[in-house]
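Position one of the sequence shown corresponds to residue 1 (my numbering), numbered consecutively onward. In this text, a Cβ means the ideal position worked out from N, Cα and C, and glycines have one as well. These numbers were taken from a predicted model, which means no experiment stands behind them. First up is the structure itself, then whatever we jot down about it.
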Amino acid sequence: MLNGIGYPLFLHVFSTSHLAHELHGAGLMRKKGAAMKEWAKKFYHSKSWIDTRQAYLISRHYLCERCGEPAKVVHHKKHLSKKNINNPNIALNWDNLEALCQDCHNKEHHAAADTRCYSFDADGNVIAR
Ligand SMILES: [Zn+2]
Ligand SMILES: [Zn+2]
1 MLNGIGYPLF LHVFSTSHLA HELHGAGLMR KKGAAMKEWA KKFYHSKSWI
51 DTRQAYLISR HYLCERCGEP AKVVHHKKHL SKKNINNPNI ALNWDNLEAL
101 CQDCHNKEHH AAADTRCYSF DADGNVIAR
């Protein structure tokens, strides 16, 4: 009898989280920190990006290039996409980078993406609001 209750409960939990995952993938779930795209995650965690980002921020004295506030984000002027993220001439090219504070970075992206429920963390990664 206990098994008869416990087993379906387990199944229920499993299928609920699976459903949540599916919903999240469709952009319907709003869970903080979970929306970074898989293809971007690999890049943002790569040593080449972390080193490039660090060196660039140092070169800009950790200041926002637009307003002079402390920079939190290294923004890609040509936004990264699944197609160009593995191209070092875009993803790691200092000419394509810009040190920005959180405000300026949000403005930059929201100008083009204000209908989306995304925000950006300190690394410039996309997160759900
Ligand atoms: Zn700024
Ligand atoms: Zn950006």
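Looking only at DSSP bridge pairs, what is residue i linked to?
i: I127; result: S119
i: A40; result: DSSP output for A40 lists no bridge partner at all.
i: E98; result: H75
For residue i, count neighbouring C-beta atoms within 10 Å of its own C-beta (all shown protein chains included) and say buried if the count is 16 or more, exposed if not.
i: C67; result: exposed
i: H75; result: buried
i: A111; result: exposed
i: A55; result: exposed
i: N89; result: exposed
i: N125; result: buried
At the level of alpha carbons, what is the spacing between residue i and residue j?
i: C101; j: R53; result: 14 Å
i: Y62; j: E69; result: 9 Å
i: C64; j: N93; result: 18 Å
i: K41; j: I85; result: 11 Å
i: C104; j: D51; result: 23 Å
i: N87; j: A99; result: 20 Å
i: L80; j: L97; result: 11 Å
i: D121; j: K37; result: 13 Å
i: Y44; j: K78; result: 16 Å
i: W49; j: A71; result: 17 Å
i: R30; j: K47; result: Because R30 carries a pLDDT of 44, less than 50, the predicted location of this residue cannot be relied on, and no value is offered for it.
i: K107; j: S119; result: 10 Å
i: D123; j: L57; result: 11 Å
Exercise for the section: Please list, in chain order, all residues with a C-beta atom less than 5 Å from at least one heavy atom of ligand 1. Expected result: C64, R66, C67, E69, C101, C104
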